[in-house]
Amino acid sequence: MKRSRSDDYLDDTSRHETDTNFAETDTEFTPNATPPSKKGRLGSHPDESFNLAESGFERIKESQLNVEDAMTQVDDKWNKKRRKRTIEKMTQMPNTSVPDDESPSEAGVIERLELFNFMCHHAFSLNFGPQTNFIIGRNGSGKSAVLTGISVALGAKATDTDRGNSLKCLIMHGKNTARAIVTIKNQGPEAYMPEEFGDKIIIERTLRADRPHSLAIKNSRNKTISTTKKTVDKILEYFGITIANPMTILTQTEAKTFLAHSSDKDKFNSFMEGTRLKESFGNIKHIERNANEIKFTLERNQAVYEELKDKFKKAKKVWSSFKDSEEFSRKRETLFGKKIWVEYKKQEKASRQALRVKQNKEDEIADNLKKIDVEKSEIAQMESELQLLETGEIEESRRKVEDLSLEKQSTQGIVTAHQSEVKKIHSQITHIKSQIDDDNRKILKLEKMIAAERKRAEDSNDDNIDKLKRFKTEKEKRLGELSSQKFELSSSIDILRNDLKELDNRAKQELGSLNGEIRNLENKVRSAKQQESSNRPENAFDSNMNRLMIDLRSQRFKNEIVGPLGMHIEVKKDYAKWGHLLENIIQRQLTMFVASNHSDVAVLRNRFRFFNIQSEIAIRQREVFDYSHTTPKSKYPSILDVLKIEDESIRCMLVDTMKLNATLLVPNRIEAQRELETDSQGLISSIFCLVDNNVIRIYKRNNSLQTDPFNLSQRSPARLRIEGDSIAGILQRDLDEQLKARTEKEKELHLAEQSKSSEITAMQSKLNECRTQTAEISQAIKKVEAKLENLEVGTSKLESLEEEKDIMVSNVALSVQKLEPLQAQLNEAEKNVDIQIDLYKSISAEYKNAKSAYTEKIKQQKSHSSLIGFKKQAIKHHISDNIRLSDDIKKLDEFLEYTKQELETLHEQASKFCSFDEAQLDKRTTIESIDAEIKSITEYLAEIENRQGITKEQAELNLIKANSELKEIHKKFEDTVILHNQLHKALEDRLNNLLQTTYLTFQEVESVFVQALKIRRFRGKIEFNIKKGTLTLKVATKETGPLRPVESFSGGEKSYSQIAFLFAIWGPMHSRIRGLDEFDVFMDNVNRRIALKLILNKVAENPKRQTIFITPLSVANIEGLDSSTVHIHEISPPDRANL
1 MKRSRSDDYL
11 DDTSRHETDT
21 NFAETDTEFT
31 PNATPPSKKG
41 RLGSHPDESF
51 NLAESGFERI
61 KESQLNVEDA
71 MTQVDDKWNK
81 KRRKRTIEKM
91 TQMPNTSVPD
101 DESPSEAGVI
111 ERLELFNFMC
121 HHAFSLNFGP
131 QTNFIIGRNG
141 SGKSAVLTGI
151 SVALGAKATD
161 TDRGNSLKCL
171 IMHGKNTARA
181 IVTIKNQGPE
191 AYMPEEFGDK
201 IIIERTLRAD
211 RPHSLAIKNS
221 RNKTISTTKK
231 TVDKILEYFG
241 ITIANPMTIL
251 TQTEAKTFLA
261 HSSDKDKFNS
271 FMEGTRLKES
281 FGNIKHIERN
291 ANEIKFTLER
301 NQAVYEELKD
311 KFKKAKKVWS
321 SFKDSEEFSR
331 KRETLFGKKI
341 WVEYKKQEKA
351 SRQALRVKQN
361 KEDEIADNLK
371 KIDVEKSEIA
381 QMESELQLLE
391 TGEIEESRRK
401 VEDLSLEKQS
411 TQGIVTAHQS
421 EVKKIHSQIT
431 HIKSQIDDDN
441 RKILKLEKMI
451 AAERKRAEDS
461 NDDNIDKLKR
471 FKTEKEKRLG
481 ELSSQKFELS
491 SSIDILRNDL
501 KELDNRAKQE
511 LGSLNGEIRN
521 LENKVRSAKQ
531 QESSNRPENA
541 FDSNMNRLMI
551 DLRSQRFKNE
561 IVGPLGMHIE
571 VKKDYAKWGH
581 LLENIIQRQL
591 TMFVASNHSD
601 VAVLRNRFRF
611 FNIQSEIAIR
621 QREVFDYSHT
631 TPKSKYPSIL
641 DVLKIEDESI
651 RCMLVDTMKL
661 NATLLVPNRI
671 EAQRELETDS
681 QGLISSIFCL
691 VDNNVIRIYK
701 RNNSLQTDPF
711 NLSQRSPARL
721 RIEGDSIAGI
731 LQRDLDEQLK
741 ARTEKEKELH
751 LAEQSKSSEI
761 TAMQSKLNEC
771 RTQTAEISQA
781 IKKVEAKLEN
791 LEVGTSKLES
801 LEEEKDIMVS
811 NVALSVQKLE
821 PLQAQLNEAE
831 KNVDIQIDLY
841 KSISAEYKNA
851 KSAYTEKIKQ
861 QKSHSSLIGF
871 KKQAIKHHIS
881 DNIRLSDDIK
891 KLDEFLEYTK
901 QELETLHEQA
911 SKFCSFDEAQ
921 LDKRTTIESI
931 DAEIKSITEY
941 LAEIENRQGI
951 TKEQAELNLI
961 KANSELKEIH
971 KKFEDTVILH
981 NQLHKALEDR
991 LNNLLQTTYL
1001 TFQEVESVFV
1011 QALKIRRFRG
1021 KIEFNIKKGT
1031 LTLKVATKET
1041 GPLRPVESFS
1051 GGEKSYSQIA
1061 FLFAIWGPMH
1071 SRIRGLDEFD
1081 VFMDNVNRRI
1091 ALKLILNKVA
1101 ENPKRQTIFI
1111 TPLSVANIEG
1121 LDSSTVHIHE
1131 ISPPDRANL
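In UniProt numbering, the protein residues as written are 1 to 1139.
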């Protein structure tokens, strides 16, 4: 549908009204169409129906106001006033003297902090003073976790803590849950809802590794009042605690950046965010944009109103030009009514037919219900019969089958047992008969031997018996020696064969492992060689990191981003053997990025989350400093010496964060210990050395040497490159080492196998020789024994043979006696077997009959179940038919209801034109005949209407529409002008207030800054430049000295000036709680003492505010530290053994 210019204008104005909070217009215009009547929609006097308002619009307020140009007026005013005043005339600025009421605040300050499994603390608690708190503790004691714990408990996000991208990173390693609990004092007249919370408010935040984090706000009785962050925000807003302000609590990294690395733009941003001027400026810019957009829309659409005004006048003129044609119009309206009455009669006939169909379907439903009752009755009878089968006859048949089956199995077992007994007896009889036959054969043999012996005894004479015995003794002695030698040789051969087998198994395992590593490296080498420019630094990282680096090239950063640092770090060629160790030591730094401001850090973290990168981000300015005074003098290289780093700022960062210039690499342990013992200045941080292919770390603690093993990981997400080397080269070098190791291993195993095989062959040869000698000697002994036996036995052998024969004859007679009872047992056993077999056949036949009967019962059960299922299906079919019929009846009811409403509507519509009697319907009346009459009248009226080109009705509708559009655009346009003028007035008022507030804030901040410098007898000023977005601190250390930027001073003087500036910002912030971590990190003792004096002076000016300072050094011997308003807390390192 085509949209008019007025439609677009109304959309624009509505959008601007929604985007602002100064005025809302909620008017809706609906043309009031007159229903058809005998006088027409507009009546007989159209001039009376439309009264066009001729009054003009409210005038649009003109202005050349520009917010940014107006803000630069503060620069001009500030510079102009600066020339007219001196620092001494600024006494009218905020009062810096100690207030009369020095009592601490009774509400809105932190009373206690508790941490459980939070960062490095397993269980930690600390009670705070209501005013000034110093938290001291050496590095690693977890003091920075105090400010992080406070921020997290009060609702800070992970990105606000500078401790990672997720709050889960704050959970102690190995734990699933961490808690941070802050107790806020809530007493006195400023207490927040004391009737509900009591004298303290407890805010407990629980972090979970596997579930969403939770929040609990409790009263002094530890009862939970709320679990929403909205409640925490209300409490913080009530007490003026601005945790969301980045200058309220400065963490360790933020403090270092602010004190040592902040540029003029960073200082300006810190000032604007801390004083919330940036937020106010943004709100005014939003109002300015809305006002300009509304003004632009008004100017663009001013012609729309005049266009619609002309359109209305033309429509009114055309409508008035029509002549009177009321008679034909009334006749045509009667025909319209007649046509509707015809449709009415048609609908009435359809309604009566639907009623008849409905009655038929209701009768069919009743018939189906009767069928369902019959089917249910039959089902009940069959189910009764089926239950009788299942619970009675089938169960009885089943039990009978089971009993017969058990009896059959039992009988079969008895038959088997009897058959086994028959086999056993058969076996005994056979054995006895065999023994009788053997004994008879032996008797025959003995009879032959007795005859031979008798003959030999007759022919025997004395021989050299003694000589044969000596020969036998010598051979038996030699035989014993050979037996011992054979045993030793066999045992040795078995041991060598086992050793050879174990060697072969071990060789297969070791070579299999090496071959797997070689295949893996070969694949990696081929992949690396296929890639173009494989020596590019990016190839040292995984695919996610490469995609991130490509993405970062298209991102817009305020300052240069450095990283990952592994792109800029290589190992020098001469120290390639240390590459794997160095890769493990600086693994975190290889994937680290460095940014110089929080805005760039936010962009980086967002991209990290997108590419699933876990790298760290360091916030620091690029700086180069001399670290030679902290580098030990040694003949051995430090880690920094063996690394090739072109960017000197990266070298300085690694020195500052990891002390790589003080970490040495020594080949052996003795030399490493000697280096530490001769380090009188204590410059060596630690030494890494190699011991038997392992790495250990040696360092000095409490004047004694400590040693820790250093485990090397096999794979790292980032590789440390060798100078001039490529990834393919690194992989090829690893592959060559593995191939060389495999060759050496194969050679070593081959030599070992040859040695073992040679030993086995030699021993086997000796063993064979021993066996040959043993056989020869044994044969000789047997011959000698035979001769001796023949010579010595004499008649004794004959007697022995005859006695043996008598025994064998007795044995035969005894065996014959045993056969008779066994034969009787066999006959009895065979008879029992036949009886049990007949019984088994009888039981089997009975079992078969019982099983057939059981099967028949099951068939009857299935038949009944099938019939029941069929009848239930029939019932479902009848029910389905009834549901379908009910749906049809419902549709008929809907049709009847619709027809009833349609008849009422048709009756009402037709009655507007004419009554049923006036319509005079007959059988010949049709819609076609009525349409023909309407057409004839319409053609006649068209002749009249053609004079104007449109119909009278169209002219009437055009006039109504033009009138409605004109009224609507008039009201909308006037409301939009009023809205624009209100916005413009609000913009002027707010801008004037902001300009005045900004100027007064400039004065207040510079006044506090100058007063703070006076404590150290410095002079100074602050140069604000809103147009450039810079803030320059200039300080003179002497009364007559020139003012210089603080960046040109030493670390201590620079840090002191920055702290003075921080206190100047804290003044207009009016935050009830403030925190600063490691404020003295860049200070010497002199500047630190003066800074502490400044801190005590400034916090005393605001006794109602609570301030928390964190330092690794002790605080003592400073005037004011012994005050009751100052609380010093010393934190001991946590027990990391339990972490």
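Don't be surprised by glycine CBs; every beta carbon is placed ideally from N, CA and C.
Check                                                                                                                                                                     : Outcome
Please report how far the alpha carbon of N245 lies from the alpha carbon of I1110, in whole angstroms.                                                                   : 19 Å
Going straight from the alpha carbon of S44 to that of L298, what length do you get?                                                                                      : Note that S44 scores a pLDDT of 41, beneath 50, so its modelled location is shaky and nothing firm can be said.
Return the chain-ordered list of same chain residues with a C-beta closer than 8 Å to the C-beta of R605, the five sequence neighbours on each side being excluded.       : T159, N165 and I617
Is the CB of L896 under 8 Å away from at least one CB in chain D?                                                                                                         : Judged by its chain identifiers, the structure shown contains no chain D, having just a single protein chain.
Give a yes or no on contact between the region 590 to 607 and the region 559 to 567, applying the rule of three or more CB pairs nearer than 8 Å.                         : yes
Under 8 Å, with one C-beta from each stretch per pair, do the region 952 to 968 and the region 235 to 250 reach the 3-pair mark?                                          : no
To which residues does DSSP link F197 through a beta bridge?                                                                                                              : None, per the DSSP bridge assignment.
Contact defined as beta carbons within less than 8 Å: I believe T206 pairs with T177. What is the distance between those atoms, to the nearest angstrom?                  : 6 Å
Short check: CB of M763 to CB of L489, under 8 Å?                                                                                                                         : yes
Residues in the same chain with beta-carbon distance under 6 Å from I586, minus the five sequence neighbours each way, listed in chain order, please.                     : none
Report the residue from N368, A672 and N992 whose alpha carbon sits nearest the alpha carbon of L885.                                                                     : N368
Return the Cβ separation of P1045 and N139 in integer angstroms, given the expectation that the two are a contact with Cβ distance under 8 Å.                             : Contact doesn't hold; Cβ gap of about 31 Å is too wide.
Where does E953 fall in DSSP's three states?                                                                                                                              : helix
Quick check: the region 1050 to 1064 against the region 212 to 226, are at least 3 beta-carbon pairs closer than 8 Å?                                                     : no
Note down, in chain order, each residue of its chain lying with its Cβ closer than 7 Å to the Cβ of S1124, except the 5 sequence neighbours on either side.               : none
From E195, E383 and L983, pick the residue whose C-alpha is nearest to that of S865; which is it?                                                                         : E383
Given A910, which residues of its chain have a CB within under 7 Å of its CB, disregarding the five upstream and five downstream residues?                                : G337, I340, W341 and Y344
Please determine whether the Cβ atom of L335 lies at a distance below 7 Å from any heavy atom of the ligand NAD.                                                          : This structure lacks the ligand NAD; in fact it carries no ligand of any kind.
Can you give the Cα-Cα distance for F312 and R300, rounded to whole angstroms?                                                                                            : 21 Å
Nearest CA to the CA of R1089: which residue from F1063, E1101, E1119 and G1067?                                                                                          : E1119
Run through DSSP, which three-state label would C689 get?                                                                                                                 : strand
Hey, quick one: how far does the beta strand (DSSP E) through Q706 stretch, first residue to last?                                                                        : S704 to F710
In chain order, what residues of the same chain have a beta carbon less than 6 Å from the beta carbon of residue 1180, not counting five sequence neighbours either side? : Since the displayed the chain opens at 1 and closes at 1139, residue 1180 lies outside it and no answer follows.
Under a three-way DSSP split, which group does S105 fall into?                                                                                                            : coil
Cβ atoms of I696 and D708: under 8 Å apart, would you say?                                                                                                                : yes
Can you name the start and end residues of the beta strand (DSSP E) that R1019 belongs to?                                                                                : R1019 to N1025
Compute the Euclidean distance between the alpha carbons of A942 and E894, then round it to the nearest angstrom.                                                         : 42 Å
Answer with buried or exposed for A185, where buried requires no fewer than 16 other C-beta atoms within 10 angstroms of its C-beta.                                      : Here the sequence assigns Lys to residue 185, which means Ala is not the residue at that position. Under this definition K185 is a buried residue.
From this set, L1096, A1036, E106 and P1042, which residue's C-alpha is nearest F1063's C-alpha?                                                                          : L1096
Quick one: what does DSSP say I934 is sitting in, helix, strand or coil?                                                                                                  : helix
Considering only the alpha carbon of each residue, which of L479, L664 and L892 lies closest to R352?                                                                     : L892
Could you give the C-beta distance for S151 and I241, rounded to a whole number, given that I count them as a contact under 8 Å?                                          : Rounded, the Cβ-Cβ distance is 11 Å, inconsistent with contact.
From the DSSP output, in three-state form, read off D1077 for me.                                                                                                         : strand
If I follow the unbroken beta strand (DSSP E) through F593, where does it start and stop?                                                                                 : F593 to A595
Looking only at C-alpha atoms, which of R398, H877, I1108 and P637 sits nearest to K371?                                                                                  : H877
Give me the residue from K433, H121 and K157 with the minimum Cα distance to residue 1166.                                                                                : In the structure as shown, the chain starts at 1 and stops at 1139, and residue 1166 therefore has no counterpart that could be examined.
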